Amino acid sequence: MVDRQKIALLATFLLMVASLRNALYPAEQWLQHTPTVLMLLGLLWSTGNARLSRIAFGCAIAFIVLHIIGARWIYSNVPYDAWWEFLTGSSLSDQFGWQRNHYDRLVHFASGCFGVPVAFDWLKQTWDTSHPKVTLPKRWGWFLSLCVVMAVGAAYEVLEWQIAMFFSPDQAEAYNGQQGDLWDAQKDLCLAGIGGLAAIGIHWIWSEIRRD
Numbered sequence: 000m001v002d003r004q005k006i007a008l009l010a011t012f013l014l015m016v017a018s019l020r021n022a023l024y025p026a027e028q029w030l031q032h033t034p035t036v037l038m039l040l041g042l043l044w045s046t047g048n049a050r051l052s053r054i055a056f057g058c059a060i061a062f063i064v065l066h067i068i069g070a071r072w073i074y075s076n077v078p079y080d081a082w083w084e085f086l087t088g089s090s091l092s093d094q095f096g097w098q099r100n101h102y103d104r105l106v107h108f109a110s111g112c113f114g115v116p117v118a119f120d121w122l123k124q125t126w127d128t129s130h131p132k133v134t135l136p137k138r139w140g141w142f143l144s145l146c147v148v149m150a151v152g153a154a155y156e157v158l159e160w161q162i163a164m165f166f167s168p169d170q171a172e173a174y175n176g177q178q179g180d181l182w183d184a185q186k187d188l189c190l191a192g193i194g195g196l197a198a199i200g201i202h203w204i205w206s207e208i209r210r211d
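Here the sequence shown is numbered in numbering that gives the first Met the number 0, starting from 0 and rising by one per residue.
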């Protein structure tokens with residue numbers, strides 16, 4: 000499994016490198032990829048230490064791929080409308096009356112949906128190492144996993160606030176992608192929470208199906 004994980008990591012790293020070709024926003028894209036590199040290094044460490052489950056590892060890779068796509072167009076300009084129109088002949092923005100690019104909303108939802116299984120694996124392994132004779136109750140595991148994801152999301156929003164304070168307005172907007180929405184941070188955290196609850200719900204339904 001570890002070899003497959005390392006191959007997946009290499010493929011994801013190469014995707015990141017390929018996304019830099021003819022970069023549309025070179026400086027901003029490099030800034031966006033600072034967390035990409037940190038996430039990839041964390042997953043590389045996990046292949047020899049934390050040993051995430053296949054589902055958790057796959058969730059982490061899926062989230063990084065979504066982030067790489069967002070970083071390519073600095074989120075605010077991801078041309079999903081053009082892609083959808085090419086496939087279906089209609090525009091998502093026209094269908095739903097959207098006035099902004101919502102790709103960043105998708106990724107924040109994914110941070111909860113894909114982040115909770117990763118946090119759960121990490122918490123379970125940490126607990127098992129510290130308390131080998133006591134099993135971490137699943138309900139507490141999922142609750143604490145959601146807390147971890149929300150805490151990380153809140154810390155990232157604080158980072159974006161600091162970027163807005165110290166960078167030029169154009170650079171801050173290019174990285175944060177608020178698109179003029181004063182409630183952007185609150186909406187992002189709300190979507191991360193909904194995504195985390197969705198992951199917990201999917202796990203519960205799957206557990207019930209397997210039990211039957």
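From the three backbone atoms N, C-alpha and C, an ideal C-beta is built for every residue, glycine too.
On a predicted model such as this, the values are computed, not experimentally measured, just so you know.
Query	Result
When the Cβ atoms of the stretch 125 to 138 are set against those of the stretch 56 to 67, are three or more pairs found closer than 8 Å?	no
When the Cα atoms are used, what is the spatial distance from residue 190 to residue 148?	11 Å
If you scan the stretch 56 to 128 from start to end, which runs of the alpha helix (DSSP H) of 4 or more residues do you find wholly inside it?	79 to 87 and 91 to 95
Using the three-state DSSP reduction, which class does residue 52 fall into: helix, strand or coil?	coil
Report the three-state DSSP secondary structure of residue 139 (helix, strand or coil).	helix
Would residue 112 and residue 197 be called neighbours here (beta carbons separated by less than 9 Å)?	yes
Just checking my contact of residue 124 with residue 56 at CB under 8 Å: how many whole Å lie between their CB atoms?	Actually they are not in contact, since the Cβ atoms of residue 124 and residue 56 sit about 13 Å apart, beyond 8 Å.
Residue 36 lies in the alpha helix (DSSP H); which residues open and close that run?	25 to 47
Please work out which residues of its chain come closer than 6 Å, Cβ to Cβ, to residue 187, disregarding the five sequence neighbours upstream and downstream, and give them in chain order.	107
For residue 201, which residues of its own chain have a beta-carbon under 7 Å away from its beta-carbon, when the five flanking residues on both sides are left out?	none
Can you tell which of 40, 156, 160 and 121 has its C-alpha closest to the C-alpha of residue 141?	121
Nearest to residue 160 by CA position, among 183, 143, 12 and 150, is which residue?	183
Candidates 194, 7 and 23: which alpha carbon is nearest residue 42's?	7
Keeping to the same chain, check which residues put their C-beta closer than 7 Å to that of residue 32; ignore five residues upstream and five downstream.	15 and 70
Taking the alpha carbon of residue 128 as the point to measure from, which residue in 86, 29 and 48 has its own alpha carbon closest?	48
Which of the three DSSP states, helix, strand or coil, is assigned to residue 228?	Because the chain spans 0 through 211 in this model, residue 228 falls outside it and cannot be assessed.
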